[in-house]
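Asks: The listed protein sequences correspond, in order, to chains X and G. Numbering (our numbering) for the first sequence: 9 to 122. Numbering (our numbering) for the second sequence: 5 to 117. Glycine included, each C-beta is placed from N, C-alpha and C at the ideal position. Computed from a predicted structure; not experimentally measured.
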Amino acid sequence: DTGVSQDPRHKITKRGQNVTFRCDPISEHNRLYWYRQTLGQGPEFLTYFQNEAQLEKSRLLSDRFSAERPKGSFSTLEIQRTEQGDSAMYLCASSLGRRGNEQFFGPGTRLTVL
Amino acid sequence: QQQVKQSPQSLIVQKGGISIINCAYENTAFDYFPWYQQFPGKGPALLIAIRPDVSEKKEGRFTISFNKSAKQFSLHIMDSQPGDSATYFCAASSKTSYDKVIFGPGTSLSVIP
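(1) Would you check if the distance between the CB atom of X:G114 and the CB atom of X:V12 is smaller than 8 Å?
(2) If you measure from the beta carbon of X:Y41 to each beta carbon in chain G, is any gap under 8 Å?
(3) Within its chain, find whatever has a CB closer than 7 Å to the CB of X:E91; leave out the 5 residues flanking it on each side and keep chain order.
(4) Does DSSP classify X:P78 as helix, strand or coil?
(5) Where are the beta strand (DSSP E) runs, 3 residues long or more, that stay fully inside the segment 12-72 of chain G, in chain order?
(6) Kindly say whether X:L99, judged by its beta-carbon, lies nearer than 8 Å to any beta-carbon of chain G.
(7) So what's X:T46 in DSSP terms, helix, strand or just coil?
(8) Using 8 Å as the cut-off, can you tell me whether the segment 74-93 of chain G makes contact with the segment 28-35 of chain X, which would need three or more C-beta pairs spanning the two stretches below that distance?
(9) Flag this pair as yes or no: are the beta carbons of X:L54 and X:L68 separated by less than 8 Å?
(10) By DSSP, does G:T100 sit in helix, in strand, or in coil?
(11) Please give me, in chain order, every unbroken run of the beta strand (DSSP E) with length at least 3 that falls completely inside the segment 82-121 of chain X.
(12) Would you kindly report the start and end of the unbroken beta strand (DSSP E) that includes X:K65?
(13) Please look up how many angstroms separate the CB atoms of G:A28 and G:K9, rounded, as I've assumed it's under 8 Å.
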């Protein structure tokens, strides 16, 4: 499968625990985005990487959230001290960054905070 | 502040009919307008996209109409099929904002036999 993959697909955790999600973009894509989608809503932008550099972070990304993309390959999104309001689908997308701009989305990680 | 507005919230169309979803935007810096289709439990998938230098784009049964002066665009699905039942998101992005996609709130489409 040459698409964007995300792991795990589902995560159930208790309030206050830390969680980490992984995204593997399409191999030649230098741009990587994280979005969050709550039930019945459109995805909302969280953060953007060009290669290994994190170039933009949404104000939705509180200081409990951190994202990395070491060596410009896979990316991780960590949420510390989870809260019930963090329950959502976390989506990763990647693109080539050329005109055309198509972002390919992964299947998402569904987080449930109890 | 919702930068991309979308209506209707839900839509029921009979098989073979035309599904129409309307969107409006405010930010004139947007230079790319994609439509995404999402099935339950899946990530959004690009359906069709348009740039503001054209007024219409057609791909198969899907057509985008774009009105730059009104800052509105719409998706028409011709000959709607039950397999088209999904949530549709209009969206917009700008190269001046790293092409991050700003999504509308979505339209849940049900095509009934």
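Replies: This is what the structure holds:
(1) Counting from 1 along the first sequence, the entry for residue 114 of chain X is found at position 106. Counting from 1 along the first sequence, the entry for residue 12 of chain X is found at position 4. Their beta carbons are under 8 Å apart, which means X:G114 touches X:V12 by this criterion.
(2) Taking the first residue of the first sequence as 1, we reach residue 41 of chain X at position 33. A Cβ of chain G is located within less than 8 Å of the beta carbon of X:Y41.
(3) Here residue 91 of chain X is taken as the residue at index 83 of the first sequence, counted from 1. Excluding residues within five positions, the ones whose Cβ falls inside 7 Å are R23 and V121.
(4) Taking the first residue of the first sequence as 1, we reach residue 78 of chain X at position 70. In the structure shown, X:P78 sits in a helix (DSSP, three-state: H, G or I).
(5) 14-18, 23-29, 37-42, 49-54, 60-63 and 66-71, all fully within the segment 12-72 of chain G.
(6) Within the first sequence, residue 99 of chain X is the residue found at index 91, counting from 1. For X:L99, at least one C-beta of chain G is nearer than 8 Å to its own C-beta.
(7) For the purposes of this step, residue 46 of chain X is taken as residue 38 along the first sequence, with counting starting at 1. X:T46: coil per DSSP, three-state reduction.
(8) Counting C-beta pairs closer than 8 Å gives fewer than three between the segment 74-93 of chain G and the segment 28-35 of chain X, which falls short of the contact rule.
(9) Here residue 54 of chain X refers to the residue found at position 46 when the first sequence is read from its first residue. Here residue 68 of chain X refers to the residue found at position 60 when the first sequence is read from its first residue. Contact flag set, yes.
(10) On the second sequence, position 96 is the one that residue 100 of chain G refers to. If DSSP states are grouped into helix, strand and coil, G:T100 belongs with the helices.
(11) Taking 3 residues as the shortest admissible run, the segment 82-121 of chain X contains the following complete beta strand (DSSP E) segments, listed from N- to C-terminal end: 83-87, 96-103 and 117-121.
(12) Position 57 of the first sequence holds residue 65 of chain X. Run containing X:K65: A61 to K65, per the beta strand (DSSP E) assignment.
(13) Taking the second sequence and counting its residues from 1, the one referred to as residue 28 of chain G is at position 24. Taking the second sequence and counting its residues from 1, the one referred to as residue 9 of chain G is at position 5. Your pair G:A28 and G:K9 checks out as a contact, with CB atoms roughly 5 Å apart and the cut at 8 Å.
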